[in-house]
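Reading through the structure tokens given below for one structure.
Protein chains in written order, with the working numbering: chain A, 1 to 90; chain B, 1001 to 1419.
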């Protein structure tokens, strides 16, 4: 089980969290103007990176907050966590 | 090298001579500079595709490139369940095509697949389950796929260890049974296809990791960079399971895939007690007994994407809790080992077996948590697609473009969970 460093609560077991998928996806705006390729990219296409990956987590059974994390998908180690709205750390 | 034939007589004969005269089953060739077609990924799907390319489409100058050892990925890590009772017409056609190939495969390849049609039973625990499963039964029968509804007593008669008491948390309210479903020996699938493909001249090259895909000025593929040098080929078929996103990105193709760890575990071996396969999607229990006597148990996927080939123990615990409730006699069994594989999951939980926007590049991926059952069918259709540069009617709906065009084959909603 992962030990996830929530930026609000500190390290907590994975069972307290829900995974929110890839981070920094931007919904096409205005929606009516976006073509099919743009919608496909937003809805379905994912980087699925092997390496350091930006993803969303929600501390659903804790503080309830969404936040972002950089995790290395080859080791499952968390490289960094940052709050919603903050830029991705280098 | 002349291919040795396997039979009861040859087993007896070689047994009498101390089993010292068996030959190597396939060569270990050095990669050539050029092939007519390259398959990336030496699992059952990739080796099978190479076999059908050689056997049915007349290509002989083919290589299968495998970064580790053949059958060492998901082919050797799954729980070997075979069935074809999928809801939608497209899926039923695809998986039943595969099941029909399974039925003859041992004879066709002269390799014992230990294919056992012992029946796959899917349990219903809620009113919703009953409705969904009965809908599956009717849809399957309209598509010529066998599936039947069993009342709890009938389910218990078919699988005596099953607990049908009314006082458990998720009582068994009925089940669907596909009698043609069952299990096979996972390694034999990789080895059988490897041996048969090798006999037709296919080069199976292990420890050869693809690190790049070269494209010509017109966009078409030219060849692959590998850990064992550059290899030219005008046709490249990628069959890399959990690493499909990684390999396809080398050619600039993005896929609607996410890779998750999926775990399985086996118990210590016991005498034959379990006559069939039982699955419960609602409480996540997937169980059968291998010929060695181990209970083979499938757990769920982890919540997060990963390439580590391991997952959290709580996922296994969750499955074991369900198994212990359904089969109380297994409560004191010890688990022998557990492991994980990386499965590539599409948004609609149906695979992609298709051409790509890059000329000469083909992809077979997205089988998610249920690829083993599809091995022969998938390989057969992928070979067709590569050889003719167009899909077979059965895999024609399973494109990448279906996500853009809104033609999803939404088995995710149909099954509600991993299948």
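Glycine residues also receive a C-beta, built at the ideal position from the N, C-alpha and C atoms.
With 16 other Cβ atoms within 10 Å as the buried cut-off, status of residue i
i, result
"residue 1317 of chain B", "exposed"
"residue 1032 of chain B", "exposed"
"residue 1419 of chain B", "Because the pLDDT at residue 1419 of chain B is just 42, under 50, the model does not fix this residue reliably, and the value given afterwards should be weighed accordingly. The residue is buried, with at least 16 neighbouring Cβ atoms inside 10 Å."
"residue 1322 of chain B", "buried"
"residue 1244 of chain B", "buried"
"residue 1089 of chain B", "exposed"
"residue 1023 of chain B", "exposed"
"residue 1224 of chain B", "buried"
"residue 30 of chain A", "exposed"
"residue 1142 of chain B", "exposed"
"residue 9 of chain A", "exposed"
"residue 1416 of chain B", "Any reading at residue 1416 of chain B must be qualified, since the residue scores a pLDDT of 44, below 50, and its modelled position is unreliable; the value itself is stated next. It is exposed - the Cβ of residue 1416 of chain B has fewer than 16 other Cβ atoms within 10 Å."
"residue 79 of chain A", "exposed"
"residue 1017 of chain B", "exposed"
"residue 1212 of chain B", "exposed"
"residue 1172 of chain B", "buried"
"residue 1147 of chain B", "buried"
"residue 1302 of chain B", "buried"
"residue 1128 of chain B", "exposed"
"residue 949 of chain B", "This structure cannot settle anything about residue 949 of chain B, because the visible part of chain B is limited to 1001 through 1419."
"residue 1256 of chain B", "buried"
"residue 1216 of chain B", "exposed"
"residue 1295 of chain B", "buried"
"residue 1273 of chain B", "exposed"
"residue 1218 of chain B", "exposed"
"residue 1005 of chain B", "exposed"
"residue 1059 of chain B", "buried"
"residue 1097 of chain B", "buried"
"residue 1013 of chain B", "exposed"
"residue 1068 of chain B", "exposed"
Any chain D beta carbon closer than 8 Å to residue i
i, result
"residue 1312 of chain B", "Of the protein chains in the structure, A and B, none is chain D."
Integer-rounded CB distance, given that residue j should sit under 8 Å from residue i
i, j, result
"residue 14 of chain A", "residue 59 of chain A", "Not quite, the Cβ-Cβ distance comes to about 11 Å (not below 8 Å), so this is no contact."
"residue 1081 of chain B", "residue 1277 of chain B", "5 Å"
"residue 1064 of chain B", "residue 1205 of chain B", "7 Å"
"residue 1 of chain A", "residue 1314 of chain B", "5 Å"
"residue 1091 of chain B", "residue 1350 of chain B", "6 Å"
"residue 1122 of chain B", "residue 1158 of chain B", "With 8 Å as the limit, residue 1122 of chain B and residue 1158 of chain B do not qualify as a contact, their Cβ atoms being about 12 Å apart."
"residue 1210 of chain B", "residue 1363 of chain B", "With 8 Å as the limit, residue 1210 of chain B and residue 1363 of chain B do not qualify as a contact, their Cβ atoms being about 13 Å apart."
"residue 56 of chain A", "residue 21 of chain A", "6 Å"
"residue 82 of chain A", "residue 5 of chain A", "That pair is no contact at about 11 Å."
"residue 1198 of chain B", "residue 1034 of chain B", "Rounded, the Cβ-Cβ distance is 19 Å, inconsistent with contact."
"residue 1038 of chain B", "residue 1046 of chain B", "With 8 Å as the limit, residue 1038 of chain B and residue 1046 of chain B do not qualify as a contact, their Cβ atoms being about 10 Å apart."
"residue 1409 of chain B", "residue 1202 of chain B", "Between residue 1202 of chain B and residue 1409 of chain B the Cβ distance is about 31 Å, and since that is not below 8 Å, they are no contact."
"residue 1246 of chain B", "residue 50 of chain A", "5 Å"
"residue 1111 of chain B", "residue 1179 of chain B", "In fact, because the Cβ distance is near 24 Å, the residues do not count as touching under 8 Å."
"residue 1282 of chain B", "residue 1297 of chain B", "At roughly 16 Å, the Cβ-Cβ gap does not stay under 8 Å, so residue 1282 of chain B and residue 1297 of chain B are not in contact."
"residue 1404 of chain B", "residue 40 of chain A", "4 Å"
Please give the ranges of any alpha helix (DSSP H) in the region 1305-1393 of chain B, keeping only runs that are unbroken, at least 4 residues long and fully inside the region.
1313-1326 and 1375-1388
Three or more C-beta pairs under 8 Å: does that hold for the region 1104-1117 of chain B against the region 1383-1398 of chain B?
no
Does the region 25-36 of chain A come within contact of the region 65-79 of chain A, defined as at least 3 CB pairs closer than 8 Å?
no
Please specify which runs of the alpha helix (DSSP H), each continuous and at least 4 residues long, are wholly inside the region 33-66 of chain A, giving them in chain order.
36-43
Interfacial residues, the region 32-63 of chain A to chain B, with Cβ spacing under 9 Å
36, 37, 39, 40, 41, 43, 44, 45, 46, 47, 48, 49, 50, 51, 53, 55 and 57
Starting from the N-terminal side, write out each stretch of the beta strand (DSSP E) that is 3 residues or longer and does not extend beyond the region 1022-1101 of chain B.
1037-1040 and 1062-1065
Please list, in chain order, the residues of the region 1-28 of chain A that have any C-beta partner in chain B closer than 9 Å.
1, 2, 13, 14, 15, 17, 18, 19, 21 and 22
Contacting positions in the region 1236-1266 of chain B - beta carbon closer than 8 Å to chain A:
1243, 1245, 1246, 1254, 1255, 1256, 1257, 1258 and 1259
Taking a Cβ distance cut-off of 7 Å, strictly less, list which residues of the region 1332-1351 of chain B are near chain A, in chain order.
1347
Please list the segments of the alpha helix (DSSP H) lying wholly inside the region 1135-1182 of chain B, counting only runs of 4 or more residues, in order along the chain.
1152-1158
Can you check the region 1235-1297 of chain B for any alpha helix (DSSP H) of at least 4 residues that lies completely inside it and give the ranges in chain order?
1244-1249
What residues in the region 1291-1316 of chain B bring their beta carbon closer than 7 Å to a beta carbon of chain A?
1303, 1304, 1305, 1306, 1307, 1308, 1312, 1313 and 1314
Under 8 Å, CB to CB, which of the residues in the region 1394-1414 of chain B have a partner in chain A?
1403, 1404 and 1405
Could you tell me whether the region 1102-1109 of chain B touches the region 1394-1403 of chain B, using the rule of 3 or more Cβ pairs below 8 Å?
no
On the three-pair Cβ rule with 8 Å, is the region 1248-1263 of chain B touching the region 1321-1337 of chain B?
no
Would you call the region 1006-1024 of chain B and the region 1164-1173 of chain B touching, i.e. three or more CB-CB distances under 8 Å?
no
Below 8 Å, how does it come out for the region 1066-1082 of chain B and the region 1170-1189 of chain B: are there three or more Cβ pairs, yes or no?
yes
Complete beta strand (DSSP E) runs within the region 1180-1227 of chain B (minimum length 3 residues, chain order):
1203-1205, 1210-1215 and 1221-1226
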